[in-house]
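J.: Numbering (the numbering used here), first residue to last: 5 to 612.
We put the CB at the ideal spot given by N, CA and C, even for glycine.
(1) Thinking residue 224 and residue 152 are a contact (beta carbons under 8 Å), I'd like their distance in whole angstroms, please.
(2) With distances taken from CA atoms, which of 508, 257, 477, 28 is nearest residue 66?
(3) Helix, strand or coil for residue 223 per DSSP?
(4) Please say whether residue 136 and residue 110 have beta carbons closer to each other than 9 Å?
(5) Let me confirm a value: residue 550 is counted as buried when at least 16 other C-beta atoms fall within 10 Å, else exposed. Which label applies?
(6) I'd like to know whether the C-beta of residue 102 is nearer than 9 Å to at least one C-beta of chain B.
(7) Sorted by chain position, which residues of the same chain lie with C-beta nearer than 7 Å to residue 80's C-beta, five sequence neighbours on each side aside?
(8) Would you mind stating whether residue 122 and residue 146 have Cβ atoms separated by less than 9 Å?
(9) Quick check on this structure: which residue in 333, 505, 515, 340 has the alpha carbon closest to the alpha carbon of residue 602?
(10) Whether or not the segment 241–255 and the segment 263–275 are in contact is what I'm after, with contact meaning three or more pairs of Cβ atoms, one per stretch, closer than 8 Å; do they touch?
(11) Is residue 217 helix, strand or coil by DSSP?
(12) So is residue 585 buried or exposed if we call it buried at 16+ other beta carbons inside 10 Å?
(13) Out of 327, 521, 213, 241, which has the shortest C-alpha to C-alpha gap to residue 232?
(14) Please go through the segment 305–367 and give each complete alpha helix (DSSP H) segment of 4 or more residues, from N-terminal end onward.
(15) Terminal residues of the continuous alpha helix (DSSP H) containing residue 575?
(16) Ordered along the chain, which non-local residues of its own chain (more than five positions away) have a Cβ less than 8 Å from that of residue 30?
(17) Beta-carbon within less than 6 Å of residue 360's beta-carbon, same chain only, minus the 5 sequence neighbours each way: which residues are those?
(18) Tell me whether residue 296 is buried or exposed, calling it buried when 16 or more other Cβ atoms sit within 10 Å of its Cβ.
(19) Straight-line CA distance for residue 471 to residue 509?
(20) Tell me which residues share the same chain as residue 49 and place their Cβ nearer than 6 Å to its Cβ, disregarding the 5 neighbours each side in the sequence.
(21) Could you check the C-alpha separation between residue 235 and residue 84 for me, to the nearest Å?
(22) In chain order, what residues of the same chain have a beta carbon less than 7 Å from the beta carbon of residue 461, not counting five sequence neighbours either side?
(23) Residue 45 and residue 279 - do their beta-carbons sit closer together than 9 Å?
(24) To the nearest angstrom, how far is the alpha carbon of residue 161 from that of residue 104?
(25) Among the candidates 112, 554, 556, whose CA atom is the shortest distance from the CA of residue 131?
(26) Mapping the DSSP letters down to three states, classify residue 606 as helix, strand or coil.
(27) Taking the alpha helix (DSSP H) that residue 255 belongs to, which residues open and close that run?
(28) I need the straight-line Cα distance from residue 379 to residue 530, nearest angstrom please.
(29) Mark residue 114 as exposed unless 16 or more other C-beta atoms lie within 10 angstroms of its C-beta, in which case mark it buried.
(30) For residue 469, which residues in the same chain have their Cβ closer than 8 Å to its Cβ, ignoring the five residues on either side in sequence?
(31) Quick check on the burial criterion: 16 or more other C-beta atoms within 10 angstroms. Buried or exposed for residue 610?
(32) On a Cα-Cα basis, can you pick out the residue from 527, 605, 53 that is closest to residue 534?
(33) Among 245, 239, 260, 184, which residue has its Cα nearest to the Cα of residue 221?
(34) Rounded to the nearest angstrom, how far is the Cβ of residue 556 from that of residue 524, given a contact under 8 Å?
(35) Where does residue 229 sit, in a helix, a strand or coil, going by DSSP?
(36) Kindly indicate which residue of 240, 215, 78, 498 has the alpha-carbon position closest to the one of residue 165.
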C-alpha cells in the first residue's frame, strides 16, 4: 500500500472515528471504574473500622470478665489470709481457692505481698512453669502487655487483694498484695470466630499499642505498617505490591490495640468482574459502530476518491478527464464544478499551446538575428583591434622621428632660439613622449586580448615582492610604508598577473604620493568557497564612489593629467586580464581617504 493510499480518507476517516469512540468509551469505563473503586475502597475502610470496633469491644468485654473473675477469687478470705499469715495451711487453702480459676490453656497463678515477696506460685497443670518465665513484683492492677518468652507468647492479668473491711466503711480499703495470672497464648477457636465475625478474607491482629509484640491470636506476627498511636482506617501497599485497607482501634482497659484489614483485590473483585463484562460489551459496540461508520464514510469518500483520481490525471496533463455526476448533494455539485473547470482548463491549455508555438517561432527568429548581429560585432571588434594595433604600430616610427629631430634641433640651434622657441620645442618633445607612451599602452592592451594564457602555479607573494622592488627603484626617495601580508599561490599566467599587480601597485604609489608617508597594504580577505580575493589598499586621494563604474574602462580617468599623469588604459588592462582568468575585479573608496582594489581569482583552473 502506497503512502497516499495509507493516508486516504477512505481509511483515515473510519479509523479516526473508531478511535474517538474507543477513547470516549475507554475514558468513560475508566472513570466509572475509578469511581466504583474509590467507593468500594471507602466502604471497605468503613467496614474494616466497624469490624475493628466490634472486635475491640468483644476483647475489652472478655478481658473485663477475666479481671472480674480474678478479682472475685482475690477477694476470698483464704487468699487474704495467706498474704497476711503465710503458713502451710493458709497456702493450701489459697491454692484450693486459686485453682478455681479454670482455663483451657496452661497458666501460672502467683500471690505477691507488698514487700515484693512471692508468697505463693501455682502452675496449672503442673509443669506449665517450664514454658513461662519467672514473674516479678507487679506495680499496678490490670491487663499487661503482650510478651514473648522463647517461642511462647503470653500475657499477665493482675488484681489487688484488698485487706479486711475497716470499722468505718467510709474509709478506703487498703491493698495487702496482688494476684497475678500468667497465661500463654495458644491457638484457640476465638481467632476463627473473630474472622467469621469480620468476614472472609479479613485478617485480625492484636498487639501492644506502643509497638512490639503483635499476634493473630495463634502466633506472633509483624505489627501493621501504620502509625499505631492513631486509630482509624488506612490503605497501604505491601512489599509484593498488594493493596490492602485496614482499621485500628484501642481495646479499652488494656494496653492493646486491634487491627482488622482486607485485601482490596477481594473487595474489588465484583467491580472488576463487572468491568470485564462492560469491556466485552463496549468492544461489541465499537465493532458495530466501526462498521456503520465505514459504510457511512464510504458514501462520502468514494466520490472524493474519484475526484482525486481525476485531479491527479489533470495534473499529469490529461485535460480531457471528466467525472460521473450521479448525486445531487454537495458532492454532486462539486463534480459538476470540476467538469466545468476541466473544460475551461482544456480550452485554455489549447490556447496556451498555440501561443507558445507562436512565441517559440518568434524567439527562434530573434535568436538567429541576435546570433548574426553578435557575429557581426565580433568581426567588427576584431577588425577594430587589428586596425588599432596596425595604426599604433605604424605611428611609432613617425613619432620617433619627430621626437628625435626635435631633440637634435634643441641641441644644435639652442643658441639661436629665443625663450618662446625653447618653450615650443619643449612642448613638441613632451607631446611626442606622451603620444609614444599612449601608443605603447594601446599595443599592450591589444596584445593582452590576443595572447594565449600560459598557466602555471604562481606564488602571489613572490610576484608582489618583485613588483614592489621594481617600483621602489623609480620613486625618487618617496616615503612609503609597505605592509605585505602572506599571499597564497594561484593557477594563472605569471606574466599577465604581473601586469595586474604592476598597474595596481603603481597606481597606489602614484595616488598616495601627496601623503607623508604613503601607506600601501597588500593582503587577502575571505571570499567565496572557490576563489581567492587579494586587495591593494592605499591612503591616497581616493575617488568619488559614484564614478567607480568608470574606473576599468579604456581611457577613463577620474583625475586630470595635471594632477596625476597616466593614459587611462592600465585599469582596463587589469580587468581584461582578470576576466580572462575567470575572475572579477572591483574597487571601494571615499574621496580623500584612500582606495582599495580587489582581485578575485578562481581557486582552481577553470574548465574552459
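T.: Quick look at the numbers:
(1) Taking the first residue of the chain shown as 1, we reach residue 224 at position 220. Taking the first residue of the chain shown as 1, we reach residue 152 at position 148. Right, their Cβ atoms sit about 6 Å apart.
(2) Mapped onto the chain shown, residue 66 falls at position 62. Taking only the C-alpha atoms, the option nearest residue 66 is 257.
(3) Here residue 223 refers to the residue found at position 219 of the chain shown. If DSSP states are grouped into helix, strand and coil, residue 223 belongs with coil.
(4) Numbered from 1 along the chain shown, position 106 holds the residue referred to as residue 110. Numbered from 1 along the chain shown, position 132 holds the residue referred to as residue 136. For the pair residue 110 and residue 136, the CB atoms are nearer than the 9 Å cut-off.
(5) Indexing the chain shown from 1 puts residue 550 at position 546. Result: exposed.
(6) Among the chains of the structure shown, chain B does not appear; only one protein chain is present.
(7) Mapped onto the chain shown, residue 80 falls at position 76. Same-chain partners within the cutoff: 101.
(8) Counted from its first residue, the chain shown places residue 122 at position 118. Counted from its first residue, the chain shown places residue 146 at position 142. No. Outside cutoff.
(9) Counting from one through the chain shown, the residue named residue 602 turns up at place 598. Selected option, being the one with the closest Cα: 505.
(10) The answer is yes - the segment 241–255 touches the segment 263–275, with three or more Cβ pairs under 8 Å.
(11) Within the chain shown, numbered from 1, the residue matching residue 217 stands at position 213. Three-state result, residue 217: coil.
(12) For this step, residue 585 is matched to residue 581 along the chain shown. It counts as buried.
(13) Counting from one through the chain shown, the residue named residue 232 turns up at place 228. Answer by Cα proximity: 213.
(14) Complete alpha helix (DSSP H) runs here, min 4: none at all.
(15) On the chain shown, position 571 is the one that residue 575 refers to. Taken as a continuous stretch (DSSP letters only), the alpha helix (DSSP H) holding residue 575 covers 574–584.
(16) Taking the first residue of the chain shown as position 1, residue 30 is located at position 26. Residues of the same chain with a CB within less than 8 Å of the CB of residue 30, apart from the 5 flanking positions on each side, are 286 in chain order.
(17) Within the chain shown, numbered from 1, the residue matching residue 360 stands at position 356. Answer for residue 360: no residue qualifies.
(18) Along the chain shown, one-based indexing puts residue 296 at 292. Exposed is the call here.
(19) One-based indexing of the chain shown puts residue 471 at position 467. One-based indexing of the chain shown puts residue 509 at position 505. As the crow flies, the alpha-carbon of residue 471 is around 8 Å from that of residue 509.
(20) Numbered from its first residue, the chain shown carries residue 49 at position 45. So the list reads 237, 249, once near-sequence residues are dropped.
(21) Here the question's residue 235 lines up with position 231 in the chain shown. Here the question's residue 84 lines up with position 80 in the chain shown. Roughly 41 Å separates the two Cα atoms.
(22) On the chain shown, residue 461 is found 457 positions in, with the first residue counted as 1. Closer than 7 Å at Cβ, skipping near neighbours: 493, 495.
(23) Counting from 1 along the chain shown, the entry for residue 279 is found at position 275. Counting from 1 along the chain shown, the entry for residue 45 is found at position 41. Cβ distance not < 9 Å, so residue 279 and residue 45 don't count as in contact.
(24) For the purposes of this step, residue 161 is taken as residue 157 along the chain shown, with counting starting at 1. For the purposes of this step, residue 104 is taken as residue 100 along the chain shown, with counting starting at 1. Cα atoms of residue 161 and residue 104: separation of roughly 16 Å, rounded to the nearest angstrom.
(25) Start at 1 with the first residue of the chain shown, and residue 131 comes out as number 127. It is 112.
(26) For the purposes of this step, residue 606 is taken as the residue at position 602 of the chain shown. DSSP places residue 606 in strand when its eight states are reduced to three.
(27) On the chain shown, position 251 is the one that residue 255 refers to. In this chain, residue 255 is not harboured by any alpha helix (DSSP H), its DSSP state being neither H nor E.
(28) Here residue 379 corresponds to residue number 375 of the chain shown, with the count starting at 1. Here residue 530 corresponds to residue number 526 of the chain shown, with the count starting at 1. Rounded to the nearest whole angstrom, the C-alpha separation of residue 379 and residue 530 is 39 Å.
(29) Counted from its first residue, the chain shown places residue 114 at position 110. Under a 10 Å Cβ-count criterion, residue 114 is classified as buried, with 16 or more other Cβ atoms of the shown protein chains found around its own Cβ.
(30) Looking up residue 469 in the chain shown gives position 465. Only 488 meet the Cβ criterion.
(31) Within the chain shown, numbered from 1, the residue matching residue 610 stands at position 606. Residue confidence for residue 610 is low, a pLDDT of 45 falling below 50, so the modelled location carries little weight; the figure read from the coordinates is stated next. So residue 610 counts as exposed.
(32) On the chain shown, position 530 is the one that residue 534 refers to. Distances from the CA of residue 534 to each of 527, 605, 53 were compared; the closest alpha carbon is that of 605.
(33) Within the chain shown, residue 221 is the residue found at index 217, counting from 1. Each of 245, 239, 260, 184 was checked against the Cα of residue 221, and the nearest Cα belongs to 260.
(34) As a first step, residue 556 must be located in the chain shown, where it is residue number 552. As a first step, residue 524 must be located in the chain shown, where it is residue number 520. Not confirmed; about 20 Å, so no contact.
(35) As a working mapping, residue 229 is identified with position 225 in the chain shown. Coil at residue 229, not helix or strand.
(36) Counted from its first residue, the chain shown places residue 165 at position 161. With distances taken between Cα atoms, residue 165 lies closest to 78.
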